[in-house]
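Residue numbers (this note's numbering): 35 to 571.
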């Protein structure tokens, strides 16, 4: 637990700063382009490279490449150095080619991810132009991801977690410059110029370039010299392909679900302006924040150790690693999920009600965030469970579990799309997400428990029950803050939202820590103790 907490703390600190600057980046972006047609066009273009990366690389990194690098470091005479260089060479060549093809296919990709955006319309053409400027980041992001994976296997977690901060800072500066250059036309899709779009798109790509450079420099500082190696016969592509084909299958299935999400939300946005892709994207980014700060940090530290434990036949250590990870993540996710469900609009109004974003649009983003709060705990546990399978080199089981989860999500999304008015479509998509991941986590738990001969479900369940009991007073305080502001101050404004957050979030969070400490929840006590020691220094 202590090793995990130290590694997770390093990563969480970097991720926290990254997410904080990401907050500022999102605020500046919303201020610059808004949540209407221009915002939807940008977010549609921005989503495509990440979908392609998921298909080609990111899913394979966590499930296949990291365990294979660990094995190469343990078994190869040179400690896996040549193997890492082959991987970097292969990733660079493939992703440069993919980026070039994606730029050429930008109109087809935009048409694939949207509905009711007629080819030739201004919104469609703006989205295509932005995609052509943003898609080249595929190559840089992918190379940076491989560099980050190599660093993680050597227990160097700081650079991969801090590099996105530079990315965010670059994009923030570019967006502010865009506001100055484009002026009043910045959110008007009918008045925006090609030069303005080039600044917006290339500025977004420049952030990823800076991030990749930081990671490559970090590799050089630990003695890794990149020598291109084209002897791919020694890259164990057969082994990677056998394991990776199932991971790619899983990612394909999840991306089909994401494609349905973008199509349904874009159709809703075409019917009711301001209720489309942009509110979905902004709410989802906020929903992912706590998982990104805590969950990703814990998982990144956990997977290499679990892979080593599996390789050495130490199933007890696998169970212990998983149990401590679930409890550590849940100690944060449980109270945060309740606060998201209560304080959604109070969070989004001060964040997004600036510039060209109207008050009603900011509140709607908060309503979507409230629904996403239901999904935070099951989604986090689901991601942890997948890493149990990946540590065994099993990439097939997650495909089946993911296929079932995505199928349920797709059916529910379409049902809510048909049954709900367009004004509530995106909220329905968030609710479908929450239900499907809760069911998916339950199924994955049963299967993973059989693989490891028990996951300590009773102990974990009792710990989480105590966390929910400790968090109930927090939810009550948050509800009281919302009610008090509504009754005494006349509803949400920028200032009233900050008051609601200070009382409901700040006081409620302190109350959770106090109650959890009195209930002797060890994970919370460990977090509080670690922070207290650092403050004391």
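Even glycine gets a Cβ: it sits at the ideal position worked out from N, Cα and C.
In this text the structure is predicted, and so the values were computed from the model without any measurement.
Query	Result
Using the rule of at least 16 other Cβ atoms within 10 Å of the residue's Cβ for burial, across every protein chain shown, is residue 12 buried or exposed?	An answer regarding residue 12 cannot be provided, because it is not within the stretch 35 to 571 covered by the chain.
Have a look at 549, 478, 117, 351 and flag the residue whose alpha-carbon is nearest the alpha-carbon of residue 507.	549
Which of the three DSSP states is assigned to residue 533 in this structure?	helix
Cβ of residue 87 within 7 Å of Cβ of residue 180?	no
Do residue 238 and residue 74 count as a contact pair if the criterion is CB distance below 7 Å?	no
List the whole-angstrom C-beta distance separating residue 194 from residue 186, where the pair is believed to meet the contact cut-off of C-beta under 8 Å.	6 Å
Our contact map puts residue 454 next to residue 462 with C-beta atoms below 8 Å; I'd like the distance itself, whole angstroms only.	5 Å
Using a Cβ-Cβ cut-off of 6 Å (strictly less than) and excluding sequence neighbours within five positions of residue 52, which residues of its own chain qualify?	198, 199
Just the C-alpha distance for residue 305 and residue 136, rounded to the nearest angstrom, thanks.	29 Å
Under 7 Å, do residue 542 and residue 516 count as touching if we go by C-beta distance?	no
In this structure, does DSSP put residue 145 in helix, strand or coil?	helix
Is it buried or exposed, residue 417, if we count other Cβ atoms within 10 angstroms and call 16 or more buried?	buried
What are the start and end residues of the alpha helix (DSSP H) that includes residue 429?	Premise fails: residue 429 is in no alpha helix (DSSP H) and is neither H nor E.
Would you mind sorting residue 336 into buried or exposed? The rule is 16 or more other CB atoms within 10 Å of its CB.	buried
Along the chain, which unbroken stretches of the beta strand (DSSP E) at least 3 residues long are found entirely within the region 158-208?	none
Rounded to a whole number of angstroms, what is the C-alpha to C-alpha distance between residue 216 and residue 504?	50 Å
Would you kindly report the start and end of the unbroken alpha helix (DSSP H) that includes residue 551?	542-552
DSSP three-state call for residue 53: helix, strand or coil?	helix
So, at 6 Å on beta carbons, what are the nonlocal neighbours of residue 315 in its own chain, with the 5 sequence-adjacent residues on each side left out?	77
Does the pairing of the region 371-388 with the region 515-531 give three or more beta-carbon distances under 8 Å?	yes
Quick one: give me the first and last residue of the alpha helix (DSSP H) that residue 218 is part of.	From DSSP, residue 218 is part of no alpha helix (DSSP H); its letter is neither H nor E.
Which class does residue 152 belong to by DSSP, given the choice of helix, strand or coil?	coil
So what's residue 36 in DSSP terms, helix, strand or just coil?	With a pLDDT of 49 at residue 36, under the threshold of 50, the modelled position of that residue is not reliable, and no figure is offered here.
DSSP three-state call for residue 222: helix, strand or coil?	coil
So, at 7 Å on beta carbons, what are the nonlocal neighbours of residue 568 in its own chain, with the 5 sequence-adjacent residues on each side left out?	Interpretation of residue 568 is limited by its pLDDT of 45, a score under 50 that renders its predicted location unreliable; the figure taken from the coordinates is listed afterwards. There are no such residues.
From this set, 61, 426, 183, 124, which residue's C-alpha is nearest residue 10's C-alpha?	Outside the displayed range of the chain (35 to 571) lies residue 10, so it cannot be described from this structure.
Under DSSP, the alpha helix (DSSP H) around residue 378 begins and ends at which residues?	349-386
Check residue 136 in the structure and name its three-state DSSP category.	helix
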